[in-house]
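Working notes, structure below.
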Amino acid sequence: MLKKILSYAVLLSMIFGLTGCGSSDKKSDINSNNSPQKQEEKKEEKKELSESDKMILKIGNLFDEKLAFDTGNYIEGEIPSGEYAFVKFDGSGSYYSEEDAAGNIIDNENFSSFGYVKVYSHGNLETQGVLVNITAFDKLGVKGAKELYEILNDKKDWNQSGFYKVGYDLEPGKYVVESTGSGYWAILTGPVGSNDIVKNDNFNGKAKINLSKGQYLELYKAIIYKAE
22 MLKKILSYAV LLSMIFGLTG CGSSDKKSDI NSNNSPQKQE EKKEEKKELS
72 ESDKMILKIG NLFDEKLAFD TGNYIEGEIP SGEYAFVKFD GSGSYYSEED
122 AAGNIIDNEN FSSFGYVKVY SHGNLETQGV LVNITAFDKL GVKGAKELYE
172 ILNDKKDWNQ SGFYKVGYDL EPGKYVVEST GSGYWAILTG PVGSNDIVKN
222 DNFNGKAKIN LSKGQYLELY KAIIYKAE
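In my numbering, each residue carries its 1-based index in the sequence shown increased by 21.
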């Protein structure tokens with residue numbers, strides 16, 4: 022799915038790069054450029070790529086380095102082991118799953134927006150969102166999965182359902198979580214596939230939590246903000 026969007030973004034960049042190209046006949050250029058159609062085309066050509074399109078291009082550049090992977094199904098060894106951000110975007114799904122050599126599920130998750138997974142590279146893997154190795158955040162110019170999600174989906178200051186990493190997406194400290202329905206929160210020691218629960222709760226209303234660097238927070242049907 023991302024490859025289709027990536028191809029579209031590349032096509033746009035090629036079109037925009039054609040600004041200024043035309044006939045060497047000056048008289049012809051003057052006449053044609055004065056037409057309403059040509060003026061409209063020039064306006065279109067001067068449009069810049071959106072921040073989302075720019076990020077899609079950056080992620081595409083990481084495919085060959087095996088630092089990012091498109092939506093799809095992969096066999097053992099195609100995705101190197103390590104920690105990856107899972108990010109949903111317009112048109113993608115939310116499911117992630119990895120199996121061992123015997124076909125047993127090692128871990129799986131339906132992500133509300135973004136999160137983190139531990140890839141073992143032991144068997145078949147399915148991802149309906151884009152996977153980005155956390156070591157590639159610097160190359161993309163982002164702090165974590167939350168910022169990557171915001172850019173790809175044109176969101177700002179996202180504080181709703183997600184799978185946050187403390188020190189990347191949230192600063193350590195005291196927070197309030199507030200439900201927007203039958204909510205759930207969990208403080209975890211690691212990404213999906215490699216964690217233990219420190220504390221969790223199904224709740225309606227508000228709760229105060231304390232987050233330490235290196236922990237992860239799973240948040241569902243709730244928002245989070247700094248405690249006063």
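Backbone N, C-alpha and C define an ideal beta-carbon position, used for all residues, glycine too.
Values in this document were obtained by computation on a predicted structure and should not be read as measured data.
Look at E86 here: in three-state DSSP terms it is coil, with no helix or strand label. Between the segment 128-138 and the segment 94-102 there are fewer than three C-beta pairs closer than 8 Å, too few to call the two in contact.
When rounded, the separation of the alpha-carbon atoms in P193 and N231 is 8 Å. In the three-state reduction of the DSSP assignment, D74 falls in the helix class, which pools H, G and I. Collapsing the DSSP output to three states places E120 in a strand. Under the three-state reduction of DSSP, E249 is assigned to coil, being neither helix nor strand. According to DSSP, residue pairing for S102 in a beta bridge does not occur. At a Cβ-Cβ threshold of 9 Å, Y137 and A106 count as neighbours. Membership of F158 in the alpha helix (DSSP H) is indicated by the continuous run F158 to L161. The beta carbons of L146 and Y205 sit about 26 Å from each other, so the pair does not count as a contact at 8 Å. One thing to note: E239 has its Cβ no nearer than 9 Å to the Cβ of I155. By the criterion of at least three beta-carbon pairs nearer than 8 Å, the segment 171-181 is not in contact with the segment 217-233.
Counting only the Cα atoms, F84 lies some 16 Å from Q149. Counting of Cβ neighbours within 10 angstroms places T210 among the exposed residues, the total staying below 16. When only Cα atoms are considered, G81 and D190 end up about 23 Å apart.
Boundaries of the beta strand (DSSP E) around K227: K227 to L232. Note on G183: 16 or more other CB atoms within 10 angstroms of its CB, so buried under the neighbour-count rule. A248 and V197 do touch by the CB rule: their CB atoms are close to 5 Å apart, below 8 Å. Under the 10 Å beta carbon count, E119 is surrounded by 16 or more other beta carbons and is classified as buried. Short of 8 Å from the beta carbon of Y246, and not among the five residues preceding or following it, lie these beta carbons of its own chain, in chain order: N180, Y196, V197 and E199. Its Cα nearest to that of Y237, the residue N216 stands out among I126, N216 and F158.
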